[in-house]
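Number of protein chains: 2
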Amino acid sequence: MKEAKETILRQWSMLRKIPRHPGSVGTRELRDKLQDEGFLIDVRTIQRDLEKLSSLFPLSCETRGKANRWFWMEEATVMDLPGMEPATAVAFRLAEEYLAPLLPNATIRHLEPHFRRAREILKPERGTRLAVWPDKVQVIAGGPALTPPSVKPEVQEAVYRALLEDRQLVCTYRSKDAVQPKSYPINPLGLVFRDGVVYLVGTAKDYAEVRHFALHRMEAAMMLETPCRRPPGFNFQTYVKAEQLFAYPLSRGPIALELAFDKGAAVHLTERLLSKDQRVTQNHDGRVMVRATVKNTLELRWWLLGFCDKVEVLAPQALRDEFSAIAKRMAHRYGS
Amino acid sequence: MKEAKETILRQWSMLRKIPRHPGSVGTRELRDKLQDEGFLIDVRTIQRDLEKLSSLFPLSCETRGKANRWFWMEEATVMDLPGMEPATAVAFRLAEEYLAPLLPNATIRHLEPHFRRAREILKPERGTRLAVWPDKVQVIAGGPALTPPSVKPEVQEAVYRALLEDRQLVCTYRSKDAVQPKSYPINPLGLVFRDGVVYLVGTAKDYAEVRHFALHRMEAAMMLETPCRRPPGFNFQTYVKAEQLFAYPLSRGPIALELAFDKGAAVHLTERLLSKDQRVTQNHDGRVMVRATVKNTLELRWWLLGFCDKVEVLAPQALRDEFSAIAKRMAHRYGS
DNA sequence: CACCGATGCGACAAGTTCTGTCGCACGGCG
DNA sequence: CGCCGTGCGACAGAACTTGTCGCATCGGTG
Chain W
4 MKEAKETILR QWSMLRKIPR HPGSVGTREL RDKLQDEGFL IDVRTIQRDL
54 EKLSSLFPLS CETRGKANRW FWMEEATVMD LPGMEPATAV AFRLAEEYLA
104 PLLPNATIRH LEPHFRRARE ILKPERGTRL AVWPDKVQVI AGGPALTPPS
154 VKPEVQEAVY RALLEDRQLV CTYRSKDAVQ PKSYPINPLG LVFRDGVVYL
204 VGTAKDYAEV RHFALHRMEA AMMLETPCRR PPGFNFQTYV KAEQLFAYPL
254 SRGPIALELA FDKGAAVHLT ERLLSKDQRV TQNHDGRVMV RATVKNTLEL
304 RWWLLGFCDK VEVLAPQALR DEFSAIAKRM AHRYGS
Chain A
4 MKEAKETILR QWSMLRKIPR HPGSVGTREL RDKLQDEGFL IDVRTIQRDL
54 EKLSSLFPLS CETRGKANRW FWMEEATVMD LPGMEPATAV AFRLAEEYLA
104 PLLPNATIRH LEPHFRRARE ILKPERGTRL AVWPDKVQVI AGGPALTPPS
154 VKPEVQEAVY RALLEDRQLV CTYRSKDAVQ PKSYPINPLG LVFRDGVVYL
204 VGTAKDYAEV RHFALHRMEA AMMLETPCRR PPGFNFQTYV KAEQLFAYPL
254 SRGPIALELA FDKGAAVHLT ERLLSKDQRV TQNHDGRVMV RATVKNTLEL
304 RWWLLGFCDK VEVLAPQALR DEFSAIAKRM AHRYGS
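Going down the list, the sequences are from chains W and A. According to the numbering used here, the first sequence is numbered sequentially starting from 4. According to the numbering used here, the second sequence is numbered sequentially starting from 4.
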């Protein structure tokens, strides 16, 4: 026997090395992994440990041929240490509500065990007289109520793996115009998340051209053994920054914004700052003047447009001209 | 000895009962808690367990007078079971990036240990040749780049606790107009999260009037022993739905939306559906017609306004009139 | 079809660990 | 000062752990 109290630590390590259901692990495999961590232990002991632990934890095994393969049951909630505190559980519930429209289902699915745990904690039956969550907390999400397109879990899994392990990927892709989906190998270079949509950035077959593949348009995907080939000199970060499609920022430097809000419309700004140097003053005509230095982005325009006629852009002149033009075109469109 | 293999389970339970640093727990306390779960165990054993476990886990104790008080070190990362898989770690990283502008710092703080764990998993040094996260994945958040106002962690903590335990709260509040903050008791009735701002809904002192207190305007907050008194017949859920300030939905039923997008502007819609029954057709004038049944919300208006002159609302007539009026007013504002 | 290697598992015995119990040492409090 | 609550060292018997064997199965291979 090497050391005292090895046991618990080893069992702990073992538990962490067992994957959740779709995956699984064999006993020898486990022994090797444990050996890497310095636990010199007999296979027999591992068998015994597994058997014992499976009566305490939601572990299960499946006999493939002769060998036993162990895994966590798929629906096992996360067991975390230190135990989740109510405040953390509340944070998780909030995260769940906020993220639902922002992340694809297949990604959310991975967080699900944590969300489940949070819900358990917030259940009122749990001794502590914690109130029922929805009776006390409400989320009013700001984003539009669009639902993100659904991505097949297997597809996302394959894409993630290929990307992280730097391998090629065979993919059945239904492109926007084509009715019939086509299969071909892709060299995955990076992932872009925008709103609820996920794009795989990569090159198809042997082409040098970098393309975007929306994950929800992939009917199937499978990682290959062949390593990913990347165009010489390609850098994902600079690519994303440079690429038109994803580039929202419109000019490099910040702009000195000057706005006049109708009374009442500017309440938001006293809650959420537009920038750190934001200054708010009352105008003589009753309107609220706001000055702030902000980034010149498309998002800024969307945000301003959301106030429609309740805000007037005073400066910079270029932005004012933009809005003036927009207003003219809109009026023309609906006019007479 | 009651049963075999009790030990690990008991130690596991014990670990979960120990709070993270600001909190702490004593040995007798632990014994009582464990007794509630059916572990009839001597205090001495608990002392021994703690000592042993503290050499394996980031546990620590602090001697207050004579008694030892145990806790998890504040910076301890979450240890979860089953161990976090790379795909889950990616999901957490995404969650982190998306939530930063949506949740107040004090709430995010509670998720931090999980985020930290995810970052650890995605570090490249971990044997597996997982690529460095930022080299492979980019998030382009859709929301505006406003930063949520910062909330003091102690304040949020106190508010959460008071709310969940149904107690009163003493609060030093700096109201919008007043320069000097004032202290008074509040009966907490519920929390509302909207964009990055958190509001406590409640009544002040003995008043019956229900008010909203923004958490970032609270300089201090402390839970009281006195139970929360709620206005007779008050129901948080119906209150939030009814209340003007928070009520975004504008009419009960859904509306049959009909839009004409300029060519190119409707690309989004082929990615993200507006509704399940959405139908997209090509018009003879080159524009893209979209028909969908959607909820009649303010958000819908914001979203449509974001397209400014690139979309025309055709139906329902009421909405078209709204937009027509908005366009006219905007043009007038910037006109001449 | 037989043989080989890999795997699982029951049994065993020696060695470790666990646990209730005592007794002693402190520190605070009345 | 004495009492109480707490921590902790020591002890012994019971319970548990673990390496080792040996046997039974299963799959694949020649």
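Here a beta-carbon is modelled for each residue, glycine too, at the ideal position from N, C-alpha and C. Values in this document were obtained by computation on a predicted structure and should not be read as measured data.
Which residues, in order along the segment 213-235 of chain A, keep a beta-carbon less than 7 Å from a beta-carbon of chain W?
Ala217
Can you give the Cα-Cα distance for W/Asn299 and A/Tyr337, rounded to whole angstroms?
When only Cα atoms are considered, W/Asn299 and A/Tyr337 end up about 20 Å apart.
Note down the Cα distance separating W/Arg334 from A/Ala330, rounded to an integer number of angstroms.
What sits at residue 334 of chain W in the sequence shown is Ala, not Arg. Straight-line Cα distance between these residues: approximately 5 Å.
Quick one: using the 10 Å Cβ neighbour count with 16 as the cut-off for buried, is A/Ala321 buried or exposed?
Under this definition A/Ala321 is an exposed residue.
Given a cut-off of 8 Å, decide if A/Leu317 and A/Ala295 are closer than it, judged by their beta-carbon atoms.
no
Could you tell me whether the segment 99-109 of chain A touches the segment 64-74 of chain A, where touching means 3 or more Cβ pairs closer than 8 Å?
Contact between the segment 99-109 of chain A and the segment 64-74 of chain A is absent, because fewer than three Cβ pairs lie under 8 Å.
Nearest-angstrom beta carbon gap, A/Leu172 and A/Ala161 [assumed within contact, 8 Å]
The Cβ separation is near 7 Å, so the contact holds.
CB contact below 8 Å: W/Glu78 versus chain A
Under the 8 Å criterion on CB atoms, W/Glu78 is classed as non-interfacial with respect to chain A.
Quick check on DSSP: helix, strand or coil for A/Ile44?
Reduced to three states, the DSSP call for A/Ile44 is coil.
Assuming W/Val200 and W/Pro151 make a contact with CB atoms under 8 Å, what is their CB distance in whole Å?
Contact between W/Val200 and W/Pro151 holds, with the beta-carbon distance rounding to 7 Å and staying under 8 Å.
Chain W contacts made by the segment 67-95 of chain A, where a contact means CB separation under 8 Å:
Trp75, Ala79, Val81, Met82, Asp83, Leu84, Pro85, Gly86, Glu88, Pro89, Ala90, Thr91, Val93, Ala94, Phe95
Between W/Lys47 and W/Phe74, what straight-line distance do the alpha-carbon atoms span, to the nearest angstrom?
Per the sequence presented here, residue 47 of chain W reads as Arg, with Lys not at that position. Their backbone Cα atoms lie some 18 Å apart in a straight line.
Three-state class that DSSP yields for W/Val297 in the structure shown
strand
Of the residues A/Lys185, A/Phe326, A/Gly309, the one placed nearest A/Glu222, counting alpha carbons only
A/Lys185
Among A/Lys155, A/Ile143, A/Gly205, A/Pro188, the one whose alpha carbon lies nearest that of A/Arg220:
A/Lys155
Report the option in W/Phe326, W/Leu59, W/Thr80 whose CA atom is closest to the CA atom of W/His24.
W/Thr80
Go ahead and pull the three-state DSSP assignment for A/His24.
coil
What do you get for A/Val135, buried or exposed, if any count of 16 or more other CB atoms within 10 angstroms of its CB means buried?
exposed
Of all Cβ atoms in chain W, is any one closer than 8 Å to the Cβ of A/Gln247?
Because the pLDDT of A/Gln247 is 48, which lies under 50, any placement of that residue in the model is unreliable, and the question is left without a value.
Where W/Gln240 meets chain A, residues with beta-carbon distance less than 8 Å:
Going along chain A in sequence order, the residues near W/Gln240 (Cβ under 8 Å) are Pro137, Asp138, Gln141.
Among W/Thr206, W/Arg177, W/Val195, W/Lys179, whose alpha-carbon lies nearest the alpha-carbon of W/Pro188?
W/Thr206
Beta-carbon spacing of A/Pro89, A/Leu114 below 8 Å
Result no, Cβ atoms of A/Pro89 and A/Leu114 do not sit closer than 8 Å.
Going by C-alpha to C-alpha distance, which of A/Lys139, A/Gly68, A/Val158, A/Met82 sits closest to A/Asn108?
Considering only alpha carbons, the answer is A/Val158.
So that I know if they touch, is there some Cβ in chain W lying closer than 8 Å to that of A/Gly193?
For A/Gly193, the answer is yes, since a Cβ of chain W falls inside 8 Å of its Cβ.
For A/Ile258, tell me which candidate among A/Ser278, A/Ile44, A/Ala211 has the shortest Cα-Cα distance.
A/Ser278
Chain-ordered chain A contacts of W/Pro25 [CB-CB under 8 Å]
Within chain A, no residue comes near W/Pro25; the closest Cβ sits about 10 Å away, beyond 8 Å.
Please work out which residues of its chain come closer than 7 Å, Cβ to Cβ, to A/Val56, disregarding the five sequence neighbours upstream and downstream, and give them in chain order.
Rather than Val, the amino acid found at residue 56 of chain A in this sequence is Leu. Closer than 7 Å at Cβ, skipping near neighbours: Gln14, Leu18, Leu62.
CB contact check: W/Ser178 to chain A, cutoff 8 Å
no
Starting from W/Thr3, trace the beta strand (DSSP E) in both directions and tell me its first and last residue.
The question about residue 3 of chain W has no answer here: the residues shown for chain W are numbered 4 through 339.
Spatial neighbours of A/Glu77 within its chain, please: CB distance less than 7 Å, with the 5 preceding and 5 following residues excluded, ordered by chain position.
Arg23, His24
Can you give the Cα-Cα distance for A/Phe60 and A/Ala121, rounded to whole angstroms?
19 Å
Give every residue of the same chain whose Cβ lies closer than 6 Å to the Cβ of A/Met411, excluding the five residues on either side of it in the sequence, and list them in chain order.
Past the boundaries of the shown model lies residue 411 of chain A; chain A is included only from 4 to 339, so the question cannot be answered.
With DSSP run on the structure shown, which of helix, strand or coil describes W/Pro188?
It is a strand residue.
If you follow the beta strand (DSSP E) that W/Arg214 is part of, which residue opens it and which one closes it?
For W/Arg214, the enclosing beta strand (DSSP E) starts and ends at 213-217.
Do the CB positions of W/Val314 and W/Leu307 come within less than 8 Å of each other?
For W/Val314 and W/Leu307, yes; Cβs fall inside 8 Å.
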